[in-house]
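If you use full-length UniProt numbering, the sequence shown corresponds to residues 1 to 675, in order.
Report on the following structure.
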Amino acid sequence: MPETVAGVEYESLTTHIAPLQLIVSDVWGPAPVTSDGFCYYVAFTDVYTRYTWVYVLKQKSKVLTVFPQFHRQVERVLGCRLQALQSDRGGEFHALKQIVETGLSMLVHATMPLSYWRDTFSTAVYLINRLPSSPLNQFRSTPCTFLGYSPMHKGYRCQDVNSSLSPPSSNLPDPSSPQPLPDQNPSTTFLPHNSYAMVKRNADGTVDRYKARLVAKGFSQHAGLDFRDTFSPVVRAVTIRTVLALAVMKGWSLRQVDVNNAFLNGVLTEKVYMSQPPGFDMVAPNGQQLVCKLNKALYGLRQAPRAWFQTLKHYLVAQLGFRASKADLSLFIRATIESSLLLMAYVNDIIITGSSTNEIDTVVQQLHRQFTLKDMGQLYFFLGVSVHHTSQGLLLSQKKYITDILHKTGMSGASTTPTPMVSTPKLVASDDSPPFADGPLYRSIVGMLQYVCITRPDLSFCVNKLSQYMNAPSEAHWKAVKRVLRYLLGTLDHGLFFSKGQFELVGYSDADWASSVEDRRSTTGYVIYLGSNPIAWCSKKQPVVSRSSSEAEYRSLANCVAELLWVKQLLDELGMSPCQFPVVWCDNTSTMSMAANPTHHARVKHIEIDHHFIREKVLDGTLLVNFVPSDKQVADVLTKPITPKQFATFCRALCVLSSTDFLFQQKELRKPGEC
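Here you go:
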């Protein structure tokens with residue numbers, strides 16, 4: 001740690017009464033980083049006026065060439081001759097220290113690299129030369145109260161606390177800084193507050209830091225009074241997977257930033273009042289209780305997420321040249337002839353990718369100037385998902401999150417199972433099984449399993465099935481949940497693998513007709529690939545009863561086509577449309593005829609009209625519907641329980657792999673036309 005030596009103070013025997021009687025000088029350097037090729041600077045300070053001149057140098061020996069230039073300049077400007085020059089023990093060290101400390105402070109505040117020290121040091125000298133002289137022996141200012149602005153002077157009208165005079169002043173602090181607290185108006189509601197503490201953990205579960213913040217109790221707000229709109233979009237999971245797949249296929253780098261205390265940046269448009277936090281119990285002179293008027297959002301306010309998103313969106317669009325995607329409002333695009341840049345925002349977590357690493361660095365620096373954030377570097381952990389980079393692609397896994405679920409349920413030491421659900425007996429709402437005693441635990445675990453599905457399509461069907469019994473789960477349902485957990489325990493290292501491949505858009509659609517024992521409704525299942533990477537999937541109980549398997553397949557096909565066209569719209573916005581027409585594979589020839597032939601009126605007239613848009617898309621050539629054998633139908637795993645052998649095969653087709661399975665992907669399952 002640097003030290004300073006306390007020396008003996010010498011009292012000057014000479015009194016300087018005019019400029020240039022004595023100039024003190026010293027050289028600073030070498031700098032740890034060059035600035036435009038300069039490594040040193042020399043400072044000349046006039047002892048009488050304390051005015052300083054600075055000249056940057058590439059070499060220390062250049063001082064002898066700079067001094068004649070300085071000599072001629074000061075004598076010409078000041079109109080007097082330089083009488084003496086002192087290069088040591090004249091107070092020049094203090095001047096150098098003040099310049100360096102001021103310049104470095106400005107660099108830190110502006111988040112600029114050290115290579116800009118030449119400009120900041122020059123700015124520091126400019127400011128130091130214009131600072132008022134230090135008061136000698138006594139304070140020169142008097143305490144005053146701000147009254148307003150003087151109509152006759154350039155300054156403020158102030159009231160001297162010890163006098164009735166109100167002289168104008170131009171040296172007051174900024175009156176827009178923290179304002180006095182308003183009185184507690186009986187007709188105005190104000191919010192209570194609370195303190196909140198949490199532990200922030202890293203991807204491996206270790207403690208990153210401890211956080212504490214003051215939050216407002218937003219549940220006390222009243223619609224139309226202190227909040228209006230509250231909706232705030234977040235990037236869809238499908239969009240995240242699509243962009244990650246694109247980055248892998250294009251060879252783009254992935255960057256992650258985390259905005260600190262993001263909601264505090266949101267500007268409020270409503271008048272919101274809150275009680276004073278502990279330790280700030282101020283009252284008015286008349287004893288009236290004071291409250292806080294919030295100018296910016298606090299965590300807990302209902303409109304806080306929206307206020308933050310609007311602030312971020314305005315900065316990205318107005319200042320950085322991005323545009324919001326029409327397909328997903330939380331995806332921002334900046335495309336030029338030379339490069340493409342994509343930014344995804346999920347509240348305060350931001351992923352940036354693109355074809356130019358330099359542009360990514362520039363955007364991160366610009367965001368850092370506007371908001372306080374942490375540059376996480378290469379994407380490795382996002383929304384509970386670990387991102388493992390390999391030479392072959394990306395592996396998205398949720399090992400830590402799954403481990404937390406296993407610990408919560410006490411299943412960490414259970415035996416494993418090859419499939420998440422058995423085919424028989426089928427789960428039903430009411431059976432002879434007694435009700436499960438801990439309904440909240442059932443709902444909590446199934447809800448957590450739903451989040452696991454964002455990287456594990458192999459769980460989609462069983463989790464969808466278990467979600468149908470949230471209201472009144474039985475012991476049989478809880479037993480089925482534990483089987484899913486045992487399956488997860490055995491596949492803890494598995495995740496969703498993205499790799500390079502042919503740039504094409506392919507969908508698989510399937511349905512299990514009348515699979516529900518209670519109401520005979522069918523189950524929809526589909527999966528959509530970008531190249532060899534699954535980016536969207538669904539397992540869902542259909543809302544109506546289908547009269548035949550063809551109808552069930554037709555409804556499933558409609559849902560698959562709708563999602564596929566949305567992905568196509570997203571790719572079109574990014575300027576990365578596939579060269580080939582999108583293809584949807586179906587294993588029901590009757591359904592294919594219904595989609596391509598509008599004359600089958602009697603068989604489909606009762607089907608919801610919105611499902612018939614498939615015909616329009618097939619007829620105008622927007623997409624193709626082709627046949628695939630049932631044993632090659634990847635979406636089959638999303639509609640019903642299947643045998644362990646079939647399940648393992650389809651899991652590989654869904655790219656649900658462990659790190660040792662990368663070389664065993666069966667891509668032919670996703671290209672049945674080549675089988």
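Glycine included, every Cβ here is placed at the ideal spot set by N, Cα and C.
Nothing here was measured: the structure is a model prediction, and the numbers come from that model.
Residue i and residue j closer than 8 Å at C-beta
i: residue 339; j: residue 356; result: yes
i: residue 48; j: residue 94; result: no
i: residue 262; j: residue 347; result: yes
i: residue 485; j: residue 367; result: no
i: residue 248; j: residue 393; result: yes
i: residue 554; j: residue 607; result: yes
i: residue 582; j: residue 457; result: no
i: residue 421; j: residue 462; result: yes
i: residue 373; j: residue 258; result: yes
i: residue 320; j: residue 363; result: yes
i: residue 568; j: residue 619; result: no
i: residue 344; j: residue 329; result: no
i: residue 494; j: residue 391; result: no
i: residue 74; j: residue 27; result: no
i: residue 638; j: residue 527; result: yes
i: residue 264; j: residue 296; result: yes
Sequence-distant residues of the same chain with beta carbon closer than 8 Å to residue i, five excluded per side
i: residue 103; result: 117, 120, 121, 123 and 124
i: residue 83; result: 20, 21 and 22
i: residue 226; result: 189, 191, 270, 271, 272 and 273
i: residue 435; result: 472, 473, 474 and 475
i: residue 659; result: 388, 390, 395 and 493
i: residue 369; result: 110 and 111
Cut-off 7 Å between Cβ atoms - residues of its own chain near residue i, not counting five sequence neighbours on either side
i: residue 573; result: 325, 326, 327 and 333
i: residue 172; result: Its pLDDT being 48, under 50, residue 172 is placed unreliably in this model, and the value from its coordinates should be taken loosely. So the list reads 146, 156 and 158, once near-sequence residues are dropped.
i: residue 240; result: 344
Length of the line joining the Cα atoms of residue i and residue j
i: residue 595; j: residue 558; result: 9 Å
i: residue 107; j: residue 96; result: 17 Å
i: residue 440; j: residue 483; result: 19 Å
i: residue 234; j: residue 57; result: 52 Å
i: residue 337; j: residue 252; result: 16 Å
i: residue 467; j: residue 293; result: 44 Å
i: residue 205; j: residue 399; result: 11 Å
i: residue 597; j: residue 220; result: 57 Å
i: residue 128; j: residue 99; result: 8 Å
i: residue 477; j: residue 308; result: 41 Å
i: residue 322; j: residue 498; result: 27 Å
i: residue 706; j: residue 31; result: The question about residue 706 has no answer here: the residues shown for the chain are numbered 1 through 675.
i: residue 224; j: residue 305; result: 17 Å
i: residue 288; j: residue 453; result: 55 Å
i: residue 430; j: residue 450; result: 23 Å
i: residue 502; j: residue 201; result: 38 Å
i: residue 136; j: residue 87; result: For residue 136, the predicted model reports a pLDDT of 45, less than 50, meaning its position is unreliable; a value from the coordinates is still stated below. One C-alpha to the other measures close to 27 Å.
i: residue 110; j: residue 365; result: 10 Å
i: residue 584; j: residue 563; result: 11 Å
i: residue 487; j: residue 647; result: 12 Å
i: residue 645; j: residue 386; result: 28 Å
i: residue 9; j: residue 50; result: In this predicted model, residue 9 has a pLDDT of only 42, less than 50, meaning its place in the structure is not dependable; the value taken from the coordinates is given anyway. So the two alpha carbons sit approximately 19 Å from each other.
i: residue 78; j: residue 24; result: 17 Å
i: residue 250; j: residue 575; result: 13 Å
i: residue 383; j: residue 586; result: 34 Å
For residue i: DSSP bridge partner residues
i: residue 534; result: 529
i: residue 120; result: For residue 120, which the question treats as bridged, DSSP gives no partner whatsoever.
i: residue 289; result: 283
i: residue 511; result: 524
i: residue 388; result: 395
i: residue 443; result: Residue 443 is not bridged to any residue.
i: residue 435; result: 474
i: residue 378; result: 255
i: residue 112; result: Paired residue(s): none; residue 112 is not in a bridge.
i: residue 105; result: Answer is none; residue 105 lacks a bridge partner.
i: residue 193; result: 216
Sequence-distant residues of the same chain with beta carbon closer than 6 Å to residue i, five excluded per side
i: residue 388; result: 395
i: residue 404; result: none
i: residue 218; result: 300, 301 and 302
i: residue 636; result: 510
i: residue 39; result: 29, 30 and 31
- Message: Which complete alpha helix (DSSP H) runs does the segment 198-253 hold, if anything under 4 residues is left out?
- Response: 237-250
- Message: Which complete beta strand (DSSP E) runs does the segment 291-375 hold, if anything under 3 residues is left out?
- Response: 292-296, 331-335, 340-346 and 349-354
- Message: Please give me, in chain order, every unbroken run of the beta strand (DSSP E) with length at least 3 that falls completely inside the segment 528-595.
- Response: 533-541 and 583-586
- Could you name each continuous beta strand (DSSP E) segment of 3 residues or more that falls completely within the UniProt domain "Integrase catalytic" (15-101), going from the start of the chain to the end? 23-28, 40-46 and 52-57
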